[in-house]
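Residue numbering for the sequence shown follows the UniProt record's numbering, starting at 1 and increasing by one per position.
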Amino acid sequence: MSPDQSREEIAYAVGLQAYLWGFPLYYYSRSTPKSVEVGGTFINDFRKYSELKTAKDRFVVTPNNVTIDAYATLDLTVEPVVIFVPSLSQPRWYIVQIGDSFDEIVRNIGGTKGAEPGVYIVTGPDFSGDVPGDMIQVKSRTKIGVAAVRILANGEADLPNAVEAQKGFHLMPLSAYLRDGLAHKAADPRPQMRLFESDAPEGIRYFDELGDAMTKRLPASADSQDFLVSSFKQIGLSVGGGFQWKSLDESTKKGLERAIKTGEQIVDSKWAATGEITNGWKYTFAGGRAGYDPGLRAALAKYEVGAQLSDHVIYPNTSVDDKGEPLNGSKRYVLHFDAGKLPPVSVFWNMAMYGSDMLFVENEFKRYSIGSTTDGLNKDADGSLTILIQKNKPADTANWLPAPEGDFNLTMRFYGPETTVLDGSYRLPAVRSVE
Numbered sequence: 001m002s003p004d005q006s007r008e009e010i011a012y013a014v015g016l017q018a019y020l021w022g023f024p025l026y027y028y029s030r031s032t033p034k035s036v037e038v039g040g041t042f043i044n045d046f047r048k049y050s051e052l053k054t055a056k057d058r059f060v061v062t063p064n065n066v067t068i069d070a071y072a073t074l075d076l077t078v079e080p081v082v083i084f085v086p087s088l089s090q091p092r093w094y095i096v097q098i099g100d101s102f103d104e105i106v107r108n109i110g111g112t113k114g115a116e117p118g119v120y121i122v123t124g125p126d127f128s129g130d131v132p133g134d135m136i137q138v139k140s141r142t143k144i145g146v147a148a149v150r151i152l153a154n155g156e157a158d159l160p161n162a163v164e165a166q167k168g169f170h171l172m173p174l175s176a177y178l179r180d181g182l183a184h185k186a187a188d189p190r191p192q193m194r195l196f197e198s199d200a201p202e203g204i205r206y207f208d209e210l211g212d213a214m215t216k217r218l219p220a221s222a223d224s225q226d227f228l229v230s231s232f233k234q235i236g237l238s239v240g241g242g243f244q245w246k247s248l249d250e251s252t253k254k255g256l257e258r259a260i261k262t263g264e265q266i267v268d269s270k271w272a273a274t275g276e277i278t279n280g281w282k283y284t285f286a287g288g289r290a291g292y293d294p295g296l297r298a299a300l301a302k303y304e305v306g307a308q309l310s311d312h313v314i315y316p317n318t319s320v321d322d323k324g325e326p327l328n329g330s331k332r333y334v335l336h337f338d339a340g341k342l343p344p345v346s347v348f349w350n351m352a353m354y355g356s357d358m359l360f361v362e363n364e365f366k367r368y369s370i371g372s373t374t375d376g377l378n379k380d381a382d383g384s385l386t387i388l389i390q391k392n393k394p395a396d397t398a399n400w401l402p403a404p405e406g407d408f409n410l411t412m413r414f415y416g417p418e419t420t421v422l423d424g425s426y427r428l429p430a431v432r433s434v435e
């Protein structure tokens, strides 16, 4: 092997590790500034949504319209942030999800654990100060993170009550909380987050964007204290210096181009092999905690970013019927649950309808999902439940989930899944074609 070939192979091997390890950082570094720019999320403050989502909402793919949500981008570079979780006057399911730039869940507040009111302080990796005695510390290993609050609304009639509960959740910088308490008002205009513009050649631009993300989101100590990160210096990649692509020889660049192509293939194949498929429904249980599997973490960031831990929520999804054919609005389908076989959950279950773009589809009935919180579902005489999935309006609309004209996807949400779901004892029936 010649010296040039040797450099190319080393760059390929190290670059492949860097691609998989860094994909979540890369993803968030691209998506976060865009979300902030359009007002979908605020920096160090909750962007609160007080309506149930409809087909007009295009901000997030696979939305749900059973909860009202609030989103925040956490910038812990200068100081920690404080999240105030209220003690609600009436029992109501909620969850506060705090995540880092690796798409790992740092802490869940509430959810299946019940109400957890308190004052939480989220600290970044460089924090070395004292935590006030009345605060609960949540440690993030990245300097940029995310937070989301989801509050259950039991239909439109319950929406005002859910909105009132949402008003009690607050997020702000630590200094603002210590100075103003809950009376703090965010600055106007709100701060923005710059989207990095790379001038690297297209074939290796991924690593330039990853280098910028590493510099902005990881502690400088990672270059020396993390063996894997330290090894990336061989390809000109580091927290302290970003991606020094101009100093690389052509053999190294060629190896990195190959690494990107292979990395893309690995991520897609990893997702295809993740979880299980039963009756056409795909179940994944690794959301929010990929552990030491960088390929899995990259796949989750690409295909199921922000997913919850499976003991709080799981998301079975399907795009095929009982014959393995693609679901399409030109046909009629039913999803039939025998008596006593509804999804076993401690909170609620819901099935959402998405078009091929994984967003809600407008329909005359203004129904985008159906489930245990849907008013007026009719069970059959034997106690079973049949959901009608079709484009045309049926004579009885109580159990109707409207479908679009073309291909579509269905996503179930099991909030508070029981053990029988997690151990595989319970699985959804197939979506059956009736034509």
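Glycine included, each C-beta is placed from N, C-alpha and C at the ideal position.
Here's the rule: buried if 16 or more other CB atoms are within 10 angstroms of the residue's CB, otherwise exposed. What is residue i?
i, result
"GLY39", "exposed"
"ALA339", "exposed"
"LYS185", "exposed"
"LEU428", "buried"
"ASP188", "exposed"
"ALA157", "exposed"
"GLY324", "exposed"
"VAL361", "buried"
"THR419", "exposed"
"LYS37", "The sequence as given places Glu at residue 37; Lys does not occur at that position. By the 10 Å Cβ count, GLU37 comes out exposed."
"GLN90", "exposed"
"TYR292", "exposed"
"LYS254", "buried"
"GLY22", "buried"
"MET353", "buried"
Within its chain, find whatever has a CB closer than 7 angstroms to the CB of residue i; leave out the 5 residues flanking it on each side and keep chain order.
i, result
"TYR303", "TRP271"
"GLY329", "LYS391, ALA403, PRO404, GLU405, GLY406 and PHE408"
"GLY263", "LEU16, TYR19 and LEU20"
"ARG141", "ASP100 and PRO125"
"PRO191", "ILE43"
"VAL14", "SER231, PHE232, GLN234 and ILE235"
"LYS48", "ALA70 and GLN166"
"THR274", "THR284, ALA286, LEU296 and ALA299"
"SER175", "GLU79"
"LYS379", "LEU385"
Would you list the one or two residues that DSSP bridges to residue i?
i, result
"LEU410", "THR318 and MET353"
"ALA147", "ALA72 and ILE98"
"THR67", "LEU152"
"ASP45", "PHE42"
"GLN137", "ILE121"
"ILE387", "LEU335"
"GLY110", "ILE95"
"GLU276", "TYR283"
"TYR415", "VAL313 and PHE348"
"GLY242", "SER238"
"VAL131", "Paired residues: none, contrary to the question."
"VAL433", "For clarity, residue 433 is Ser in the given sequence; the question names Val instead. SER433 pairs with TYR333."
Kindly indicate the opening and closing residues of the beta strand (DSSP E) around residue i.
i, result
"TRP400", "400 to 402"
"PHE23", "Premise fails: PHE23 lies in the alpha helix (DSSP H), 3 to 37, not in any beta strand (DSSP E)."
"GLY371", "369 to 371"
"VAL60", "Neither: VAL60 is in no beta strand (DSSP E) and is coded neither H nor E."
"PRO173", "170 to 173"
Does the beta-carbon of residue i, which I'm using as the reference point, lie nearer than 6 angstroms to any heavy atom of the ligand GDP?
i, result
"THR73", "By its list of ligands, the structure shown contains no ligand whatsoever, and the ligand GDP lies outside what it can speak to."
For the alpha helix (DSSP H) holding residue i, just list the boundary residues, first then last.
i, result
"THR123", "It is not in any alpha helix (DSSP H) - THR123 instead sits in the beta strand (DSSP E) that spans 118 to 123."
"LYS254", "250 to 272"
"ARG205", "205 to 217"
"LEU327", "Segment: none, LEU327 is in no alpha helix (DSSP H) and carries neither H nor E."
"THR202", "Per the sequence shown, the amino acid found at residue 202 is Glu instead of Thr. Neither: GLU202 is in no alpha helix (DSSP H) and is coded neither H nor E."
"THR419", "419 to 422"
"PHE227", "227 to 231"
"LEU296", "294 to 303"
Report the CB separation of residue i from residue j in whole angstroms; it is logged as a contact under 8 angstroms.
i, j, result
"GLY371", "PHE348", "6 angstroms"
"LEU152", "ARG92", "6 angstroms"
"ILE144", "LEU195", "Contact flag wrong, Cβ pair sits at about 13 angstroms."
"ASP212", "GLY242", "6 angstroms"
"PHE169", "PHE59", "No, PHE169 and PHE59 are not in contact; Cβ-Cβ is about 19 angstroms, not under 8 angstroms."
"ASP45", "VAL149", "Rounded, the Cβ-Cβ distance is 12 angstroms, inconsistent with contact."
"LEU422", "SER319", "Rounded, the Cβ-Cβ distance is 23 angstroms, inconsistent with contact."
"ALA301", "ASP103", "5 angstroms"
In chain order, what residues of the same chain lie with their CB nearer than 6 angstroms to the CB of residue i, ignoring the 5 residues before and after it?
i, result
"TRP400", "LEU388 and PRO394"
"SER433", "ASP321, LYS331 and TYR333"
"PRO219", "PRO125 and ASP126"
"GLY416", "THR112, VAL345, SER346 and VAL347"
"LYS53", "PRO63 and ASN65"
"PRO33", "MET193 and LEU195"
"ILE136", "GLY118 and TYR120"
"ASN154", "THR373"
So, at 8 angstroms on beta carbons, what are the nonlocal neighbours of residue i in its own chain, with the 5 sequence-adjacent residues on each side left out?
i, result
"LYS233", "ASP223"
"ALA55", "LEU359, PHE360, VAL361, GLU362, ASN363 and TYR368"
"ASP134", "VAL119"
Does the beta carbon of residue i sit closer than 7 angstroms to a beta carbon anywhere in chain C?
i, result
"TYR426", "Of the protein chains in this structure there is only one, and it is not chain C."
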